[in-house]
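Okay, so here's the structure we're looking at.
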Amino acid sequence: MGFFKKIIDGLKKTKQQIGFKLNELFKRGIFDEDFYDELEFILLSSDVGEETTVDIIDQLRERMRTDRVSDPNKAYGYLRDVLSDILGDEKMNPSYPCVIMVAGVNGVGKTTTIGKLANIFVKQGKSVVIAAADTFRAAASEQLEVWANRAKVRIIMHEEGSDPAAVVFDAISSAKSKGTDVVLVDTAGRLHNKKNLMEELKKINRVIDREYPNADRKNLIVLDATTGQNAIAQVDIFNEAIDIDGIVLTKLDGTAKGGVVLAIKHDMDIPVYYVGVGEGIDDLMEFDAASYVEGII
Amino acid sequence: MAAFSNLTDKINHIFSKLKNRGALTELEIKQAMREIRVALLEADVNFTVAKDFINQVTELAIGEEILKSLTPGQQVIKIVNEQLIKLLGSTQSKLGVSSKLPTIIMMCGLQGAGKTTMCGKLAVYLQKQGKRVLLCADDIYRPAAIKQLEIVAGKAKAGFFEMGQSNPCKIASSAVAYAEKNGYDTVIIDTAGRLHINEELMEELKAIKRTVNVYETLLVVDAMTGQDAVNVAKAFDEALDITGVIMTKLDGDTRGGATLSIKAVTGKPIKFVGTGEKTEDLEPFHPDRMASRILGMGDVLTLIEKAQVAIDEEQALQMAKKLKESTFDLNDFLQQFEQVAKMGDINDIVGMIPGASRLKLGDKKVDEAQIKRNKAIIQSMTKEERANPKILNYSRRKRIASGCGLQVQDVNRLIKQFEQTRDMMKKVSKTKRLPF
Ligand SMILES: Nc1nc2c(ncn2[C@@H]2O[C@H](COP(=O)(O)OP(=O)(O)OP(=O)(O)O)[C@@H](O)[C@H]2O)c(=O)[nH]1
Ligand SMILES: [Mg+2]
Numbered sequence: 001m002g003f004f005k006k007i008i009d010g011l012k013k014t015k016q017q018i019g020f021k022l023n024e025l026f027k028r029g030i031f032d033e034d035f036y037d038e039l040e041f042i043l044l045s046s047d048v049g050e051e052t053t054v055d056i057i058d059q060l061r062e063r064m065r066t067d068r069v070s071d072p073n074k075a076y077g078y079l080r081d082v083l084s085d086i087l088g089d090e091k092m093n094p095s096y097p098c099v100i101m102v103a104g105v106n107g108v109g110k111t112t113t114i115g116k117l118a119n120i121f122v123k124q125g126k127s128v129v130i131a132a133a134d135t136f137r138a139a140a141s142e143q144l145e146v147w148a149n150r151a152k153v154r155i156i157m158h159e160e161g162s163d164p165a166a167v168v169f170d171a172i173s174s175a176k177s178k179g180t181d182v183v184l185v186d187t188a189g190r191l192h193n194k195k196n197l198m199e200e201l202k203k204i205n206r207v208i209d210r211e212y213p214n215a216d217r218k219n220l221i222v223l224d225a226t227t228g229q230n231a232i233a234q235v236d237i238f239n240e241a242i243d244i245d246g247i248v249l250t251k252l253d254g255t256a257k258g259g260v261v262l263a264i265k266h267d268m269d270i271p272v273y274y275v276g277v278g279e280g281i282d283d284l285m286e287f288d289a290a291s292y293v294e295g296i297i
Numbered sequence: 298m299a300a301f302s303n304l305t306d307k308i309n310h311i312f313s314k315l316k317n318r319g320a321l322t323e324l325e326i327k328q329a330m331r332e333i334r335v336a337l338l339e340a341d342v343n344f345t346v347a348k349d350f351i352n353q354v355t356e357l358a359i360g361e362e363i364l365k366s367l368t369p370g371q372q373v374i375k376i377v378n379e380q381l382i383k384l385l386g387s388t389q390s391k392l393g394v395s396s397k398l399p400t401i402i403m404m405c406g407l408q409g410a411g412k413t414t415m416c417g418k419l420a421v422y423l424q425k426q427g428k429r430v431l432l433c434a435d436d437i438y439r440p441a442a443i444k445q446l447e448i449v450a451g452k453a454k455a456g457f458f459e460m461g462q463s464n465p466c467k468i469a470s471s472a473v474a475y476a477e478k479n480g481y482d483t484v485i486i487d488t489a490g491r492l493h494i495n496e497e498l499m500e501e502l503k504a505i506k507r508t509v510n511v512y513e514t515l516l517v518v519d520a521m522t523g524q525d526a527v528n529v530a531k532a533f534d535e536a537l538d539i540t541g542v543i544m545t546k547l548d549g550d551t552r553g554g555a556t557l558s559i560k561a562v563t564g565k566p567i568k569f570v571g572t573g574e575k576t577e578d579l580e581p582f583h584p585d586r587m588a589s590r591i592l593g594m595g596d597v598l599t600l601i602e603k604a605q606v607a608i609d610e611e612q613a614l615q616m617a618k619k620l621k622e623s624t625f626d627l628n629d630f631l632q633q634f635e636q637v638a639k640m641g642d643i644n645d646i647v648g649m650i651p652g653a654s655r656l657k658l659g660d661k662k663v664d665e666a667q668i669k670r671n672k673a674i675i676q677s678m679t680k681e682e683r684a685n686p687k688i689l690n691y692s693r694r695k696r697i698a699s700g701c702g703l704q705v706q707d708v709n710r711l712i713k714q715f716e717q718t719r720d721m722m723k724k725v726s727k728t729k730r731l732p733f
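Each protein sequence line maps, in turn, to chains A and B.
Quick note: the first sequence uses our numbering, first residue 1, plus one each step.
Quick note: the second sequence uses our numbering, first residue 298, plus one each step.
Right under this line is the structure:
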């Protein structure tokens, strides 16, 4: 897939500046304090966060020490392993019919991701209906409608200000009667510390459970790669509210690396399923830990 | 209140051995700075910016006398805090007015930063000052972006201009012409979100700037931005010579370290902060509040001095302990009211309590009379009731109400408030990675 190249291209831009020195240090086979300092700098600069960074470095030190590594390639491989082990390799793998609800804070790329996901399922020969359950933000439905048209799938929408749970209800009824494989639910952006909005999300979640008990359920949170440590709180609290299955990490086509997903996987064991690498309909790829790690270090 | 903060605790711990000594020494400061560094990184201050900052503060702190009223830990935090405030700049929440009307404001930033929403907020803000504002839809890429701005303009009761998917420069210049003809003195141009490394799209913004006489170029940044904020801000500033920054989504619980990073790399003023999804959720930027927030101490820090006078340290510690043990009761609630009353203007104080600014308390504006009433209610309760609010059934509430000459609803409201405060404080003191 284009994932590898695209992600590398995106990440290379900053890698050129900061990865250079690490590479040099690796090449020289010198694993002294300078080396670990540089590694720490790279991880922290990628938003991995203090705690996880310390842990990664400790793990690496440990492996290097026990194996008495001096071969640069081997050392590089160790670092890659430590990071890939944290990230794991889980895919979304839904069974059908399924309802996929997409949630997250404002502006992270939920609606765009829904459009891209619809496209992926259509390409796999699945039938899709989209529920425009962001009835709050101005022109949210219109935006989603454009994506539904691009992906050539059906969309259920109500007017602005109506009950989002009702939209979901209608979409599910429609999916049941037409035997649709996938229901994609777009939700309004909400900050995780707004209690009433999180309650609303829980309600939507309950309606899906109640109305479509035999459908497979996936709840995704969308994280913007530009986001720093706050992403941890986002996942934590959304997970508490609606049981998050996996993450979509968007905007990796910029210079941000979204390294906070390492901390999230490390602390909460929630995997990344997809990454967004642009604004086009094909710019959503399955997450691949190896190429992601390659992009960071 | 300072007792709520882990950071103060940690730093106090480092200094615990040198109580009562005259001046701060280099070694201890270095140790304390390690904690500060972690706090800054957890707040998403850029790594390099944090490093520079720490170096600066270390120099400042060495040899500094410890004030009688403060512990060495508090002294260091005070210096850090003051320096942070200084670097964050001053409150400059003004927008310039061009000598040749209309004044043109261009919004720019990454995708999803909150530009369109911010256009509506600025329109409302400027209209309150008597301006006539036209919003210009210049995001020709994102689906339904034009429609979104139209709705936003409608809600803000501002003028709206669009030309569909035409050339962005042409749209901007036509909007200005339209404004001149129709008596608008301010034009706000909403541009598409773009990546700072997308040369073609950055070129487009430069072209708009060359075409119309942009007076304010405002970079809109999501307050949750991490390490990359420096790259983004630098690139936008280099390309467009921005005149100011607006941080959005500060109603979240992010520590907002990006603010410092951006200020450090651009030197441009932070002009406003966005604190909600409604058109009136716009606030001036307060460097002092931001500094404490970055340090993860709510606005407790600005309270250190005030608190020194009004709150007895002992009492504050006890309060913190009670929260941890979940024995915070109505007596404590009453005590809080009394302390707060001692500290001066209540509305200022509430804004400083960690979490409170985000607690919707802001909507209601706490008034002094209300506090008096609340005190009266609690004072009408028995000792047992105050210690164990759970037993307050309807007949007890009725008795209390008549005891203080108020309605049962007032009593209910107070109990609800108490529960909310307790839950909030519990939550705040327990939130992961937030060192309260
Ligand atoms: N560069 C880039 N931009 C993206 C990506 N995903 C989404 N965007 C852009 O980010 C902006 C916000 O995307 P939306 O899909 O509207 O985000 P949302 O989460 O639905 O936003 P709200 O519903 O307003 O909370 C749009 O301009 C998208 O084009 C990505 O992977 N890369
Ligand atoms: Mg959306």
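Beta carbons are placed, not taken as given, at the ideal position from N, Cα and C, and that holds for glycine.
query	result
Anyone know if the C-beta pair for Ile333 of chain B and Ile359 of chain B falls short of 9 Å?	no
Should Ser46 of chain A be flagged as near chain B, meaning a C-beta pair shorter than 9 Å?	yes
With a threshold of 9 Å between beta carbons, is Lys560 of chain B in contact with chain A?	no
With three or more C-beta pairs closer than 8 Å as the rule, is the region 504-524 of chain B touching the region 458-467 of chain B?	yes
Any contact of the region 158-169 of chain A with the region 207-224 of chain A, i.e. 3+ C-beta pairs under 8 Å?	yes
Over what stretch of residues does the alpha helix (DSSP H) that includes Arg65 of chain A continue unbroken?	Glu50 to Asp67
Return the residue from the list A:Gly276, A:His266, A:Ala256 and A:Lys257 that minimises the CA-CA distance to Thr250 of chain A.	A:Gly276
Is it true that the region 76-90 of chain A meets the region 186-200 of chain A, where meeting means three or more beta-carbon pairs spaced less than 8 Å apart?	no
Quick one: grab the DSSP three-state call for Thr267 of chain A.	One detail in the question is off: residue 267 of chain A reads as Asp in this sequence, not Thr. Helix at Asp267 of chain A.
Once you ignore the five residues that flank Glu459 of chain B on each side, which residues in its own chain have a CB closer than 8 Å to its CB?	Cys433, Ala434, Ile443, Leu446, Glu447 and Ile468
With the cut-off set at 9 Å, would you say Thr556 of chain B and Ile539 of chain B are in Cβ contact?	no
Can you tell me whether DSSP reads Val517 of chain B as helix, strand or coil?	strand
Can you determine whether any heavy atom of ligand 2 sits closer than 8 Å to the C-beta of Leu144 of chain A, and answer yes or no?	yes
Which residues of chain A have a Cβ atom closer than 7 Å to the Cβ of Gln408 of chain B, listed in chain order?	Lys251
Based on DSSP bridge pairs, tell me the residues matched to Leu284 of chain A.	A:Gly276
Please name the residue, chosen from B:Glu323, B:Gly554 and B:Lys575, that lies closest to Met594 of chain B on a Cα-to-Cα basis.	B:Gly554
Of all the options A:Leu284, A:Val222 and A:Ala256, which has the alpha carbon lying nearest to the alpha carbon of Gly109 of chain A?	A:Val222
Give me the DSSP bridge partner(s) of Leu249 of chain A.	A:Leu223 and A:Val275
If you measure between the beta carbons of Tyr475 of chain B and Val394 of chain B, is that distance less than 9 Å?	no
Closest to Gly702 of chain B by C-alpha separation, out of B:Gly409, B:Gln676 and B:Val377, would be which residue?	B:Gln676
Pick from B:Asp550, B:Lys687 and B:Ala450: whose alpha carbon is nearest that of Arg190 of chain A?	B:Asp550
So for Gln462 of chain B, helix, strand or coil by DSSP?	strand
Should Thr187 of chain A go down as buried or exposed, given a rule of 16 or more other Cβ atoms within 10 Å for buried?	buried
How about Thr250 of chain A: is its Cβ closer than 8 Å to a heavy atom in ligand 1?	yes
Pull the bridge partners of Pro581 of chain B from the DSSP assignment, please.	B:Phe569
Please report the distance separating the alpha-carbon of Arg696 of chain B from that of Leu384 of chain B.	55 Å
Determine, using beta carbons only, whether Lys257 of chain A comes closer than 9 Å to chain B.	yes
Could you tell me which residues DSSP pairs with Asp435 of chain B in its beta bridges?	B:Thr488
Name, please, each residue of chain B whose Cβ falls closer than 9 Å to the Cβ of Asp224 of chain A.	Leu407, Gln408, Gly409, Asp519, Met521 and Thr522
Nearest-angstrom Cα distance between Lys91 of chain A and Ile402 of chain B?	45 Å
Against chain A, does Leu297 of chain B count as a neighbour if the rule is that its beta carbon must be under 9 Å from one of theirs?	With chain B running from 298 to 733 in the structure shown, residue 297 of chain B is simply not present.
Tell me, please, whether the region 274-291 of chain A touches the region 240-260 of chain A by the rule of three or more beta-carbon pairs shorter than 8 Å.	yes
Assuming contact is defined by CB atoms lying nearer than 9 Å, are Gly259 of chain A and Thr226 of chain A in contact in what I supplied?	no
In chain B, which residues lie with their C-beta within 8 Å of the C-beta of Asn106 of chain A?	Gly409, Gly411, Lys546 and Glu574
Within 10 angstroms of the Cβ of Glu682 of chain B, are there 16 or more other Cβ atoms? Answer buried if so, exposed if not.	buried
Pairing CB atoms from the region 521-529 of chain B with CB atoms from the region 367-386 of chain B, are three or more of them under 8 Å?	no
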